[in-house]
Amino acid sequence: MASITALTFKQLVLQYKYYLISLFILVAGVTGLSLAIPNITGELIKSLEAGHPDWGWIWTLGGVVGILLLIEILQVTLGAIFREKVGYDLRAKLMDKLTTQNYTNVNNIGIGQIITLFGSDVDNVKNIMAGELVLSVKAMLLFIGALILIFTTNWKLGLIAFISLPVIVAAFAWIFKSVTKYFKLSQENQTDLNNAISQNIYGSNLVRIQNSQSWETRKFNLLTTESKNISFKIIEAFSSLIPIINTISNWTTFGILYFGALAYIAGQIKLGDINAYISYYALLTAPIFIIGFNSQGIARLGVSLKRINELLNSPEESPSGDIKKTIKKGIQVKNVNLEYGGKKVLKNINFTIPTGKKTAILGPTGAGKSLLINLLTGMIHPTSGEILIDDKSLLSWDQDYIKDRITTVYQESLIFSGDLKQNVVLNREWDEAKYQTAMCTATLEKLDKDKGGVSELGANLSGGQKQRLTLARALYNNPQFLLLDDFTARVDNTTKNTIQSRLSSNYPNTTIISISQNISTIQDYDQIILIMEGEILMTGTHEELLKSSPEYRQIQASQQTVE
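As structure tokens, this is what we get:
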């Protein structure tokens, strides 16, 4: 996959230059016709003032308004297409980058921020590119055109209008300088809200069990209150802007009418010109409003692009190698150390997993067992040391091939909405025999016949059914190595024994690697690796460890006491 680079405003403009050029041409047409209307109206008023309405100007006005309507419809339609094109491309770019991230990077970014990136941040960029940017160009064209027409119509009245402009611009600059910081705070608050919502959805059962609803509600209320206060700060700033601008505009309009009336009485200007002049002044001030309010969008664009670029600039996984062949010898973990969050969590790890042998990794919670699983599958990389497959570095192998040959069944079962077949096969090529073998091995034949649909996150499946469904998914491509992360935690003994028997008969060439806290489930394994606090204490069979490891004997004694 080609490297994905960060985005800048310039790159966005160049990427979509043909859309923007087309929209700018339409905007120029709309602006030109809008500027022509006051002049046409003025000429029509002059004809009425003379006592004989000119039907030519009436038809011209109707034609201009009709053409203006058609161009604006075309502009809105093209703008909507452009807006969704930007959103689609940007989300695809983010997804491509996200799929190159390793487990550690995704955790560091956080689910809440990822949701915000794909949601409000992308929406900000697409709306500004197709909306605020185009409107700002239209506003600048209107401003320049109206300014020229004001001074060519009557330069003395033009000075009255021109004097008010610096005051209006200064008012906008003062307001927007004070609210820019609140836009950043608003986006950060949105991320916190997304995190809180995600955590409460995924942890809803735990919240009820711990009877912590009131605590979670208070935390959520604090975030929503913060969101409300930030919004009020922005509204408060803008609420003072409109009265200021209206006051300036009204006094300027009064000046134009007053001095225009004096000029009319003196015969220096026509009534139609005064009407056109007031319309031009409205066209002159409207762009300042548009650009002023759009500047908050530009501020959001900067914040959103910065957050998006934090993901796009993040390091990708190491380049994939090109080795694709049957694994013959096995996997070797050699002198591996791993630091996580500034703390060394795995220390000088060494062991070998030969093909065709059943290996178990045993240890208490927090010993580092799951980290070893992530190392073996290439989801994370060691701080030092290396993972070897058939004496070749894991990074030398084609990573897609490795993920197909070394599959994992995690303790937490991730189930997608859809049906059972979709959950097992995913995007792989359909094979009826492989599917039936995988479902049979996972003891899901009856479920396959009775239940076709799977609700969101597998809510209509039991914990054991979900775990067995992930087993079927892992087995579908007949992997060479199957990693089971405390797989039997949600499976009863009868089902567990059936699965183990079917694994041996249906997948005789698959090497089993089990993560476990329970000795009784791994006593017959060819080797057991005992790990505690990130260090390997001893490796051997069940009998060997009973003889030589006091820690192993202590674990067995405690489990027998509980049983």
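For the sequence shown, our numbering assigns the number 112 to the initial residue and increments by one for each residue that follows. By construction, the Cβ of each residue, glycine as well, lies at the ideal position given by its N, Cα and C atoms.
Per DSSP, what kind of secondary structure is residue i in: helix, strand or coil?
i              : result
leucine 457    : strand
serine 114     : Unreliable placement is indicated for serine 114, whose pLDDT of 49 sits below 50; the coordinate value is still reported in the next sentence. Note: serine 114 maps to coil in three-state DSSP.
asparagine 265 : coil
serine 350     : helix
tryptophan 541 : coil
tyrosine 127   : coil
tyrosine 546   : helix
isoleucine 308 : helix
glycine 174    : helix
isoleucine 633 : coil
glycine 198    : helix
alanine 668    : helix
glutamate 450  : strand
lysine 445     : strand
glutamine 186  : helix
Using the beta-carbon count (16 or more within 10 Å), is residue i buried or exposed?
i                 : result
arginine 584      : buried
glutamine 670     : exposed
alanine 668       : exposed
leucine 537       : exposed
glutamate 421     : exposed
asparagine 357    : exposed
glycine 371       : buried
proline 661       : exposed
aspartate 343     : Note that residue 343 corresponds to phenylalanine in the displayed sequence, not to aspartate. Phenylalanine 343 should be labelled exposed.
glutamate 243     : buried
lysine 292        : exposed
tryptophan 541    : exposed
phenylalanine 598 : buried
Please go through the same chain and pick out, in chain order, the residues whose beta-carbon is closer than 8 Å to the beta-carbon of residue i, but skip the five residues on each side of it.
i              : result
alanine 113    : Because alanine 113 sits at a pLDDT of 45, beneath the cut-off of 50, its placement in the model cannot be relied upon, and the following sentence gives the value as read from the coordinates. Result list for alanine 113: empty, nothing under 8 Å.
asparagine 300 : Leu334, Glu337, Ser338 and Ile341
serine 596     : What sits at residue 596 in the sequence shown is aspartate, not serine. Excluding residues within five positions, the ones whose Cβ falls inside 8 Å are Lys480, Ser481, Ile484, Thr519, Val520, Tyr521, Gln522 and Ile626.
lysine 121     : none
tryptophan 362 : Ser275
Could you give the C-beta distance for residue i and residue j, rounded to a whole number, given that I count them as a contact under 8 Å?
i              : j              : result
leucine 423    : leucine 123    : In fact, because the Cβ distance is near 13 Å, the residues do not count as touching under 8 Å.
isoleucine 355 : alanine 282    : 5 Å
asparagine 459 : valine 444     : About 10 Å; that fails the 8 Å criterion.
isoleucine 639 : alanine 471    : 5 Å
alanine 387    : threonine 152  : 7 Å
asparagine 305 : glycine 223    : 4 Å
leucine 614    : isoleucine 623 : 7 Å
arginine 539   : leucine 555    : Actually they do not touch by this definition, with Cβ atoms about 18 Å apart.
threonine 302  : threonine 364  : Their Cβ separation, rounded to whole angstroms, is 45 Å, which puts threonine 302 and threonine 364 out of contact at 8 Å.
glutamine 634  : histidine 653  : 5 Å
isoleucine 438 : isoleucine 500 : 6 Å
Ordered along the chain, which non-local residues of its own chain (more than five positions away) have a Cβ less than 6 Å from that of residue i?
i              : result
proline 465    : Gly441
tyrosine 663   : Leu641 and Leu656
proline 164    : Ser158
leucine 253    : Thr142, Leu394 and Pro398
threonine 548  : Asn617
alanine 250    : Pro398, Ile401 and Ile402
serine 415     : Asp232, Asn235 and Val236
isoleucine 359 : Ser275, Val278 and Ile279
lysine 295     : Val414
Using a Cβ-Cβ cut-off of 7 Å (strictly less than) and excluding sequence neighbours within five positions of residue i, which residues of its own chain qualify?
i              : result
serine 425     : Gln212 and Asn216
alanine 348    : Ile286, Ser289 and Val290
isoleucine 345 : Val290 and Tyr293
valine 673     : Confidence at valine 673 is low in this model, with a pLDDT of 48, below 50, so its placement is unreliable and the value that follows should be read with caution. Excluding sequence neighbours, valine 673 sits near nothing in its chain.
Can you find a heavy atom of the ligand MN that lies under 8 Å from the Cβ of residue i?
i          : result
serine 573 : No copy of the ligand MN appears in this structure; indeed no ligand is present at all.
### Query
Hey, is the segment 392-399 in contact with the segment 251-259, meaning 3+ C-beta pairs nearer than 8 Å?
yes
### Cβ contact (3+ pairs, closer than 8 Å) linking the segment 612-628 and the segment 463-480
yes
### Query
Taking one C-beta from the segment 126-143 and one from the segment 192-204 each time, how about it: are there three or more such pairs within less than 8 Å?
yes
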